[in-house]
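Engineer: Following this message is one structure expressed as structure tokens.
There are 2 protein chains.
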Amino acid sequence: MKIYYAMSISGNQSEGSEEANKAFIETLKKYGEVLTEHFSNPSLIGIGESKLTNKGIHDRDMEWLLSADVIVAEVSNASLGVGYEIGRAVENGKKILCLRRKQKGRLSAMISGCERLELREYENLDDGILFIDEYFKLNNSGK
Amino acid sequence: MKIYYAMSISGNQSEGSEEANKAFIETLKKYGEVLTEHFSNPSLIGIGESKLTNKGIHDRDMEWLLSADVIVAEVSNASLGVGYEIGRAVENGKKILCLRRKQKGRLSAMISGCERLELREYENLDDGILFIDEYFKLNNSGK
Numbered sequence: 002m003k004i005y006y007a008m009s010i011s012g013n014q015s016e017g018s019e020e021a022n023k024a025f026i027e028t029l030k031k032y033g034e035v036l037t038e039h040f041s042n043p044s045l046i047g048i049g050e051s052k053l054t055n056k057g058i059h060d061r062d063m064e065w066l067l068s069a070d071v072i073v074a075e076v077s078n079a080s081l082g083v084g085y086e087i088g089r090a091v092e093n094g095k096k097i098l099c100l101r102r103k104q105k106g107r108l109s110a111m112i113s114g115c116e117r118l119e120l121r122e123y124e125n126l127d128d129g130i131l132f133i134d135e136y137f138k139l140n141n142s143g144k
Numbered sequence: 002m003k004i005y006y007a008m009s010i011s012g013n014q015s016e017g018s019e020e021a022n023k024a025f026i027e028t029l030k031k032y033g034e035v036l037t038e039h040f041s042n043p044s045l046i047g048i049g050e051s052k053l054t055n056k057g058i059h060d061r062d063m064e065w066l067l068s069a070d071v072i073v074a075e076v077s078n079a080s081l082g083v084g085y086e087i088g089r090a091v092e093n094g095k096k097i098l099c100l101r102r103k104q105k106g107r108l109s110a111m112i113s114g115c116e117r118l119e120l121r122e123y124e125n126l127d128d129g130i131l132f133i134d135e136y137f138k139l140n141n142s143g144k
């Protein structure tokens with residue numbers, strides 16, 4: 002199984018995001034190949050990937066997204082890139098799991114009101130990991 | 002012509018965003034019907050639209066987006082909703098103009114590296130308005 006993990010890179014990173022991304026990617030590796038595993042490399046956070054052009058990054062990520070069986074998106078932070086990836090994943094009929102840390106701020110209705118994705122709100126990392134485990138056990142049960 | 006103006010609502014609003022959205026929507030009204038004109042109502046900023054369910058907002062906005070001839074997106078702020086709308090607009094072959102205030106922060110490569118949209122960076126509101134005028138004059142010239 003190929004998994005595309007979407008997370009905020011150029012956008013805002015709230016406290017705890019780095020740990021969450023690492024923990025979620027490690028968990029996902031139990032269920033398949035995480036195409037975007039390198040996203041959790043701290044040196045990419047905030048500055049993006051300096052070796053590729055923007056078009057190069059976009060096209061590579063879209064190729065990965067379109068080849069993936071499942072998209073798992075961390076949506077605790079406002080992010081144009083993550084929103085874009087979810088929008089394209091919806092149009093391409095991908096399975097989508099969104100994970101969001103419980104917080105005061107309101108989540109965009111484009112995510113919370115989209116019936117084509119599953120959204121789980123986690124209190125802490127253990128919670129988030131549990132949601133991933135549940136999701137993949139359910140979604141693999143038919144195989 | 003139907004125009005869908007996409008802007009950050011639940012996400013971050015940086016200083017000057019409100020004025021920019023109002024000015025850009027006023028400019029767009031010269032070229033067609035702005036389906037999302039009410040987005041620039043300050044009472045919606047930050048709290049979202051309390052009278053509709055999230056699914057109601059999502060489905061109404063998607064109906065508008067899919068019926069629009071052109072999407073104009075203000076991408077100065079990180080926003081899951083705006084990113085999502087751009088992703089779905091790309092997949093549906095819509096014309097897309099993105100406007101961004103020049104700033105230090107890096108724009109997501111999903112936007113800056115996407116060849117399916119036009120991106121213009123403005124210094125000030127007059128600049129932004131000029132970009133809108135240029136875009137619509139060019140895009141209407143064939144009609």
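Protein sequence lines, in the order shown, are assigned to chains L and W.
Remember, my numbering sits 1 above the position in the first sequence when you count from 1.
Remember, my numbering sits 1 above the position in the second sequence when you count from 1.
Note that the Cβ used here is the ideal one computed from N, Cα and C, for glycine as well.
Every value quoted in this text rests on a predicted model; they were computed, and no experiment measured them.
#1: State the Cα-Cα distance for the pair G33 of chain W and S9 of chain L, rounded to the nearest angstrom.
#2: Along the chain, where does the beta strand (DSSP E) that runs through K3 of chain L open and close?
#3: Restricting to runs no shorter than 3 residues, where is the beta strand (DSSP E) found entirely within the region 26-91 of chain W?
#4: For A90 of chain W, which residues of its own chain have a beta-carbon under 7 Å away from its beta-carbon, when the five flanking residues on both sides are left out?
#5: Which residues of chain L have a Cβ atom closer than 7 Å to the Cβ of K56 of chain W, listed in chain order?
#6: Once DSSP output is grouped into helix, strand and coil, what is the label at K105 of chain W?
#7: Below 7 Å CB to CB, which residues in the same chain sit around L126 of chain L once its five sequence neighbours on both sides are set aside?
#8: Give a yes or no on whether 8 Å exceeds the smallest Cβ distance from G143 of chain W to chain L.
#9: Going by the DSSP bridge assignment, what does I97 of chain L pair with across the sheet?
#10: Note down, in chain order, all residues in the region 75-88 of chain W with a beta-carbon under 8 Å from any beta-carbon belonging to chain L.
#11: Using DSSP with H/G/I as helix, E/B as strand and the rest coil, what is L139 of chain L?
#12: Whether or not the region 92-106 of chain W and the region 114-128 of chain W are in contact is what I'm after, with contact meaning three or more pairs of Cβ atoms, one per stretch, closer than 8 Å; do they touch?
#13: Could you confirm whether any beta carbon from chain L is found closer than 8 Å to the beta carbon of M2 of chain W?
#14: At least one CB of chain L closer than 8 Å to the CB of V71 of chain W: is that the case?
#15: Since G82 of chain L and G84 of chain W are thought to touch, with beta carbons under 8 Å apart, how far apart are those beta carbons, to the nearest angstrom?
#16: When the cut-off is 8 Å and only beta carbons count, does V35 of chain W lie next to chain L?
#17: When you compare each of W:A110, W:N93, W:S15 to E64 of chain W by their alpha carbons, which one comes out closest?
#18: Quick one: residues in its chain with C-beta nearer than 6 Å to the C-beta of V35 of chain W, no 5 flanking neighbours on either side, listed in chain order?
#19: H59 of chain L touches chain W at which residues, Cβ-Cβ below 7 Å?
#20: Helix, strand or coil for E19 of chain W? Go by DSSP, reduced to three states.
#21: Based on the DSSP output, what are the partners of E122 of chain W in its beta bridges?
#22: With C-beta atoms as the reference, is G88 of chain L less than 8 Å away from T54 of chain W?
Structural biologist: In short:
#1: 34 Å
#2: 3-7
#3: Correct list: 71-75.
#4: Within the same chain, A90 of chain W has close Cβ partners L66, I72, I97.
#5: G114, E116
#6: coil
#7: E20, A21, A24
#8: Note on G143 of chain W: pLDDT 42, under 50, position unreliable in the model; no value is reported.
#9: Residue pairing by DSSP puts I97 of chain L in a beta bridge opposite L:I72.
#10: V76, N78, A79, S80, L81, G82, V83, G84, Y85, E86, I87, G88
#11: helix
#12: Yes, since at least three Cβ pairs between the region 114-128 of chain W and the region 92-106 of chain W fall closer than 8 Å, the two stretches touch.
#13: Closer than 8 Å to the CB of M2 of chain W there is not a single CB belonging to chain L.
#14: V71 of chain W does not count as touching chain L.
#15: 6 Å
#16: no
#17: W:N93
#18: I4, Y6, I26, L29
#19: A110, M111, G114, C115
#20: helix
#21: W:R101
#22: no
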